[in-house]
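In this note's numbering, the protein residues as written are 5 to 183. Virtual Cβ for every residue (Gly too), placed ideally from N, Cα, C. Every value quoted in this text rests on a predicted model; they were computed, and no experiment measured them. Working notes, structure below.
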């Protein structure tokens, strides 16, 4: 029995099997997830998760790298790759929406995914109103939101012309400077 267990744990398929549920919780997908559903190349994150399971990475390290691996002292390419978790949201590539609308929706999605994946809670109701018996108050929702609101969006697919994107980045820097 021990030999079978050791053989199964040593298999790379073990990490693939364990990663499948995590990737669902993290909302991993090989496409943008909306409208045109264009392909996006984020498979290196999927492979990072599989490797983390196969190496039996401690859970606290697994979480830290995904939420803030780029903020660690002397971050590595691998720790930066882990933060793809924060960028797995569906990305809108439609016209007619403002750049700030996209950014706010991305932040809200990170907020909701964090709560579901790490806290086992849904936060969506607290975005708009307060419920008497909800474990998370509306004020706490926006405290979580503030954490994810500091993620730089410069490398995210933002629709519009290069001039629109430059204008958006300048406005975002201005807002950040005044916070």
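Check                                                                                                                                                                 : Outcome
Compute the Euclidean distance between the alpha carbons of residue 126 and residue 30, then round it to the nearest angstrom.                                        : 14 Å
So, is residue 53 buried or exposed, given that buried needs 16 or more other C-beta atoms within 10 angstroms?                                                       : buried
Which whole-angstrom value describes the C-beta separation of residue 147 and residue 133, a residue pair presumed to lie in contact below a C-beta threshold of 8 Å? : That belief does not hold up - the Cβ atoms of residue 147 and residue 133 are roughly 16 Å apart, past 8 Å.
Grouping DSSP H, G and I as helix and E and B as strand, with all else coil, what is residue 117?                                                                     : helix
Under the DSSP definition of a beta bridge, which residues are partnered with residue 35?                                                                             : 43
Determine the closest residue to residue 184 out of 93, 17, 58 and 70, with distance taken between C-alpha atoms.                                                     : Because the chain spans 5 through 183 in this model, residue 184 falls outside it and cannot be assessed.
Please classify residue 122 as buried or exposed, where buried requires at least 16 other C-beta atoms within 10 Å of its C-beta.                                     : exposed
Less than 6 Å between C-beta atoms, sequence neighbours within five positions excluded: which residues of the same chain meet that for residue 182?                   : Residue placement at residue 182 cannot be trusted, given a pLDDT of 43 that sits under 50; what the coordinates show is reported in the next sentence. Once the five neighbours on either side are set aside, residue 182 has no close Cβ partner at all.
I need the DSSP call for residue 92, collapsed to helix, strand or coil.                                                                                              : coil
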